[in-house]
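Following: one structure in structure tokens, then a few remarks.
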Amino acid sequence: MGVSRDATKEEIKKSYKKLARKYHPDMNKDNKEEAERKFKKISEAYEILADPDKRARYDRFGKEGVYFEGGQFSWEDFTHQADLEDIFKDFFGGFGGGDFFSQIFGQGTRARTGPRAQYSVGEDLRIPLNITLKEAAEGTTKRIKVRLFEKCRHCDGKGGVTTTCSMCNGTGEVRTAHSGIFGQMVSVSTCPACRGTGEVIRDTCPYCYGEGRVKKEKQLSVRIPPGVESDNYITLRGEGNVGRRRGMRGNIIIQIKVKEDSRFIREGNNLRIKIPVSYKTAIEGGEVKIPTLDGRVKITIPPHTNSGKVFVLRGKGMGSLYGRGKGNLLAEVYIWTPKKVSRKAQGLLEELDKELGSSPEL
Ligand SMILES: [Zn+2]
Ligand SMILES: [Zn+2]
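The working numbering puts the sequence shown at residues 40 to 401.
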């Protein structure tokens, strides 16, 4: 183990921790057998070193002093499973050691749950939902109709009249003994005949043909938060199709599509709008009516306003997905030029141009 003879318990554990990670077979996929052998070897050493009594006997009598029923260390002799769980819990997301441990210590060592019925999970349902820009700005609640699988009432979702599974006698699990690298092992697995439910169908339900579910129409109300954009998803967990034979429900995934509004350009939570103003208004000032998401409002254009000037209407933009206030409406002014100019207007423009002078040179 690479520790000195007078190493403390902590030092031994630390060293074992390092080596156990290094030689864990699930992390040595290329050389699994060699890793298994080494992993077992260091576990054996740890078993002896971590136990003062075993260690004393080992020091006096060698291996024979310690062992171990059957003369050879086997995983049944290993009493530090808790340490292993501890060492590997951050590696395997808290599951206590990955596939390898359930293989060497059996199912019971892990979460001690045993096999469970394999319920099928219903398919997720994707539903596109069109909303207006105003609805996206303010948030809304939409009622939608969906057709999805619901539990069959006639057979209560079982798929028919059931009887106890003869392969597993209703336990839902089958045990098989086989010899592996660590000696005789019994593995417990989910019964393939009843998929762990302990029951099989004797008479198939004529309404759902054994599926345990039938298609039905359902009304749903979906809350859309303010600030959503196209391609945002809203997931309604556990509201989707029911799975086969009392399976769990899948999800409903609402795919938002915000309809374009040709008047507004969305810039995050702000909206931009381009406002045409006449030559006269731009020079002398005046009032113009502009559209917002809550109807038209008047804004005052001060005298000597040039194209590109932006007026900010606070709080007239989009709501925020994160609930922090509202964006603004940015009203950008441009000087409107008519497509057709009459002879009279041409004459007047000539005169005006002389009076006002030409634009400054850059
Ligand atoms: Zn069975
Ligand atoms: Zn049925």
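Cβ coordinates follow ideal geometry from the N, Cα and C atoms, glycine included.
Measure the C-alpha to C-alpha separation of serine 359 and lysine 296 and round it to an integer number of angstroms. Rounded to whole angstroms, serine 359 to lysine 296 spans 17 Å at the Cα level.
Backbone CA spacing between cysteine 194 and glycine 211 [nearest angstrom]: Straight-line Cα distance between these residues: approximately 21 Å.
For a quick check, are the C-beta atoms of threonine 215 and serine 228 less than 9 Å apart? For threonine 215 and serine 228, yes; Cβs fall inside 9 Å.
Locate the alpha helix (DSSP H) running through glycine 196, then write down its first and last residues. Counting along the chain, glycine 196 falls outside any alpha helix (DSSP H), and DSSP gives it neither H nor E.
Using C-beta distances below 8 Å, list every residue in its chain close to threonine 180, excluding the 5 sequence neighbours before and after it, in chain order. Contacts found: Ser260, Val261, Arg262, Ile263.
Whose C-beta lies closer than 6 Å to the C-beta of alanine 59 among residues of the same chain, with five residues either side of it excluded? Same-chain partners within the cutoff: Ile126.
Methionine 357, buried or exposed, once every other Cβ within 10 Å from all chains shown has been counted against 16: Classification of methionine 357: buried, given that the 10 Å Cβ count is 16 or more.
Using DSSP with H/G/I as helix, E/B as strand and the rest coil, what is serine 82? Here serine 82 sits in helix by DSSP.
Would DSSP call phenylalanine 134 helix, strand or coil? The predicted model places phenylalanine 134 with a pLDDT of 40, which falls under 50 and marks its position as unreliable; any figure quoted below should be read in that light. The answer is coil: DSSP assigns phenylalanine 134 none of H, G, I, E or B.
Measure the C-alpha to C-alpha separation of isoleucine 322 and leucine 388 and round it to an integer number of angstroms. Here the alpha carbon of isoleucine 322 sits roughly 14 Å from the alpha carbon of leucine 388.
Taking the C-alpha atoms as reference points, what is the distance between glycine 334 and glutamate 278? Glycine 334 and glutamate 278 have their alpha carbons spaced roughly 37 Å apart.
Does DSSP classify alanine 216 as helix, strand or coil? Correct three-state label for alanine 216: strand.
Does the separation of the CB atoms of glutamate 250 and arginine 305 fall below 9 Å? It is not a contact, given that the beta carbons lie outside the stated cut-off.
Please state whether the Cβ-Cβ distance between glutamine 258 and isoleucine 170 is less than 9 Å. Their beta carbons are not under 9 Å apart, which means glutamine 258 does not touch isoleucine 170 by this criterion.
DSSP has leucine 310 in a bridge; who is on the other side? Within the DSSP bridge table, the entry for leucine 310 names Arg305, Leu368 as partners.
Could you name the residues whose beta carbon sits closer than 5 Å to any heavy atom belonging to ligand 2, keeping them in chain order? Ordered along the chain, the selected set is Cys191, His193, Cys194, Cys244, Tyr246, Cys247.
In three-state terms, what does DSSP make of threonine 171? In the structure shown, threonine 171 sits in coil (DSSP, three-state: anything other than H, G, I, E or B).
Would tryptophan 375 be called buried (16 or more neighbouring beta carbons within 10 Å of its own) or exposed? The residue in question, tryptophan 375, is exposed, as its Cβ has fewer than 16 Cβ neighbours within 10 Å.
Rounded to whole angstroms, what is the Cα-Cα separation between valine 351 and valine 281? Roughly 50 Å separates the two Cα atoms.
So is the beta-carbon of alanine 232 under 8 Å away from any non-hydrogen atom of ligand 1? Taken from the Cβ of alanine 232, at least one heavy atom of ligand 1 lies inside 8 Å.
Verify whether the separation of the beta carbon atoms of valine 372 and isoleucine 291 is less than 9 Å. Against a cut-off of 9 Å, the Cβ pair of isoleucine 291 and valine 372 comes out as no contact.
Using CA atoms only, rank isn't needed, just tell me which of Asp90, Lys77, Lys68, Cys244 is closest to lysine 52. Minimum Cα-Cα distance from lysine 52 among the listed residues Asp90, Lys77, Lys68, Cys244 corresponds to Asp90.
Buried or exposed: where does alanine 384 fall if 16 or more other Cβ atoms within 10 Å of its Cβ makes it buried? By the neighbour-count criterion, in which a residue is buried when 16 or more other Cβ atoms sit within 10 angstroms of its Cβ, alanine 384 is exposed.
Use the C-beta contact count for tyrosine 272: other C-beta atoms within 10 angstroms, 16 or more gives buried, fewer gives exposed. With fewer than 16 Cβ atoms within 10 Å of its Cβ, tyrosine 272 is classed as exposed.
By the DSSP assignment, the alpha helix (DSSP H) with glycine 386 in it spans what residues? The continuous alpha helix (DSSP H) containing glycine 386 extends over residues 382 to 395.
Based on the DSSP output, what are the partners of leucine 164 in its beta bridges? As computed with DSSP, leucine 164 is found in a beta bridge with Ile291.
Residue range of the alpha helix (DSSP H) that includes threonine 320: First-last of the alpha helix (DSSP H) with threonine 320: 318 to 323.
If contacts are defined as beta-carbon pairs under 8 Å, then leucine 172 and lysine 298 qualify, I think. What distance do you get, rounded to the angstrom? Indeed, because the Cβ distance is near 7 Å, the residues count as touching under 8 Å.
Compare the beta carbon distance of glycine 289 and glycine 196 with 9 Å and say whether it is the shorter of the two. Taking 9 Å as the cut-off, the Cβ atoms of glycine 289 and glycine 196 do not count as close.
Quick one: using the 10 Å Cβ neighbour count with 16 as the cut-off for buried, is asparagine 367 buried or exposed? Its Cβ being crowded by 16 or more others within 10 Å, asparagine 367 is buried.
Can you check whether the CB of arginine 94 is closer than 9 Å to the CB of leucine 88? Less than 9 Å divides the Cβ of leucine 88 from the Cβ of arginine 94.
Where the beta strand (DSSP E) containing leucine 332 begins and where it ends: Annotation: leucine 332 is outside any beta strand (DSSP E) and is labelled neither H nor E by DSSP.
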